[in-house]
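Under the working numbering, residues 74 to 395 are what the sequence shown spells out, in order.
Encoded as structure tokens, the structure appears first; notes follow it.
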Amino acid sequence: MIKGKIRQGAAAGIAAMLVIMAAGCGESAPITSEAEVVEGYTDAQIMLVAVTERNRYNKIYTGQIWGIQVDREGTTFQEHLLGEVRHFLEEVKTMNRMADQEAITLTNQEQERLRELTEDYYGSLTETDRSYIGVSQEEVYQLYSDYYRAEKLVNELTKDVDLEISDSEAKVIRVQEIQIRSHEEAQRIHTQAMTEGVDFSSLARAVSEAEEIERSVGRGERSKEYEEAAFMLTEGEISPIIRDGDWFFIVKCLDEYDEEATLDRKEKLALNRKNQVFRSIYEPFAAENQVDLDEDVWDKIPFSEDGTATSDFFEWYTDYME
């Protein structure tokens, strides 16, 4: 369980740096024979992003997490996180190459705001941060500028995408469910659940073969059979027995329209739609414009205590630029 949470946490953390990249996270563009290899970032810039993320996860999980294996191949969390950081930086640089091609530049006002951000962030670094990472203020500015310009590229290339998501498409309901392997047992439990005075929640906790009994369910997230039955329920209503693969479910509706969760899902579905359009344009370009990051620097990033404190490079960006 902890392995899954840590692996998901790393992916979520890196994806949060530039959300539009999430759809392609972990899948570097293939190198082709005609691909033009371009220079990436300095060792200090790479170190800044890697140390920022390392310190952020140290605060959450402590340094004991770095040796935990996150997959069947034996990949450690340290290796996984460095791979995510590397892929992120490759994509930011590639997107800036694409921005060059699209003639997307920063306005004077944007540059001034980025300069203010850089000055304040750089001023927040401790002497240990600066001396250990070795990054200059100009290198920080370049990272922030590339990051902002990448987002500007995405917005420009997807500005005509229809992001309207209907309530029906995004709808989320809240349910309690009993999950049973045996149909005969499900029939017996369903009869009990429909008996007047029986508390469904207590019954579910006693008999369900799944640990969780309360769930939020979005349209399209479960099987057609489950969805057709569950989304027809009104608040407090209990479903007939639903067969979903090898399992049988008895569902009670707690909320037939979770407004807050539906609004949140609308935003996620709109972003996914935007992702798909952008990736369809970006990936052919990325295949022909390979970014070259220094191979040696990745072995120089320690995951033991080094006295650095910086962990909020991207939080500063969010506060200033979004």
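Each residue gets a CB set at the ideal place from its N, CA and C atoms; glycine is no exception.
Round the Cβ separation of residue i and residue j to the nearest angstrom and send it over; I've been treating them as touching at under 8 Å.
| i | j | result |
| --- | --- | --- |
| Y355 | R186 | At roughly 25 Å, the Cβ-Cβ gap does not stay under 8 Å, so Y355 and R186 are not in contact. |
| A223 | N169 | 6 Å |
| A172 | L226 | 4 Å |
| I314 | F304 | So it is not a contact: roughly 16 Å between Cβ atoms. |
| V364 | T167 | 5 Å |
| L366 | G113 | 4 Å |
| D202 | T381 | 5 Å |
Exposed or buried, residue i, counting other C-beta atoms within 10 Å across all chains shown (16 or more means buried)?
| i | result |
| --- | --- |
| T335 | buried |
| V208 | buried |
| I262 | buried |
| M74 | Residue placement at M74 cannot be trusted, given a pLDDT of 42 that sits under 50; what the coordinates show is reported in the next sentence. Exposed, since its Cβ has fewer than 16 Cβ neighbours within 10 Å. |
| K373 | exposed |
| G473 | Nothing in the structure corresponds to residue 473, since the chain is present only between 74 and 395. |
| N345 | exposed |
| E391 | Here residue 391 turns out to be Thr, not Glu, going by the sequence shown. Looking at its Cβ environment, which holds fewer than 16 other Cβ atoms inside 10 Å, T391 is exposed. |
| S312 | buried |
| E163 | buried |
| A302 | buried |
| K132 | exposed |
| E250 | buried |
| K341 | exposed |
| Q252 | buried |
| Q174 | exposed |
| T125 | buried |
| R145 | exposed |
| A266 | buried |
| D331 | buried |
| Q349 | exposed |
| L190 | buried |
| E395 | exposed |
| E212 | buried |
| E388 | exposed |
| A359 | buried |
Over what stretch of residues does the alpha helix (DSSP H) that includes residue i continue unbroken?
| i | result |
| --- | --- |
| S296 | From DSSP, S296 is part of no alpha helix (DSSP H); its letter is neither H nor E. |
| G196 | 181-197 |
| V122 | 116-134 |
| A172 | 150-174 |
| I138 | Counting along the chain, I138 falls outside any alpha helix (DSSP H), and DSSP gives it neither H nor E. |
| F273 | 273-280 |
| T178 | It is not in any alpha helix (DSSP H) - T178 carries neither H nor E in the DSSP assignment. |
| E269 | First-last for E269: undefined, no H or E at that position. |
| V206 | The amino acid at residue 206 is misidentified as Val; the sequence shows Ile. First-last of the alpha helix (DSSP H) with I206: 200-206. |
How far does the beta strand (DSSP E) with residue i in it reach, from first residue to last?
| i | result |
| --- | --- |
| S289 | 287-291 |
Closer than 8 Å to a non-hydrogen atom of the ligand SAM - does that hold for the CB of residue i?
| i | result |
| --- | --- |
| A259 | This structure lacks the ligand SAM, and indeed carries no ligand of any kind. |
Inset, instruction - Report yes or no: do the stretch 145-165 and the stretch 233-252 share at least 3 C-beta pairs separated by less than 8 Å? - result: no
Item to complete: Report the residue ranges of all beta strand (DSSP E) runs contained in full by the stretch 317-393; include only those spanning at least 3 residues, in chain order.
Response: Here the runs fully enclosed are 320-328.
**Report entry** Every unbroken beta strand (DSSP E) within the stretch 228-264, with a cutoff of 3 residues, ordered by chain
**Finding:** 245-253
| said: Does the contact criterion of 3 or more C-beta pairs under 8 Å hold for the stretch 249-257 versus the stretch 227-236? | reply: no
Check whether the stretch 288-296 and the stretch 192-212 touch, using three or more Cβ-Cβ pairs below 8 Å as the test.
In short, these stretches do not touch, since the Cβ pair count stays below three.
Tell me, please, whether the stretch 193-200 touches the stretch 131-140 by the rule of three or more beta-carbon pairs shorter than 8 Å.
no
If you pair each beta-carbon of the stretch 270-280 with each one of the stretch 293-305, do three or more pairs fall below 8 Å? no
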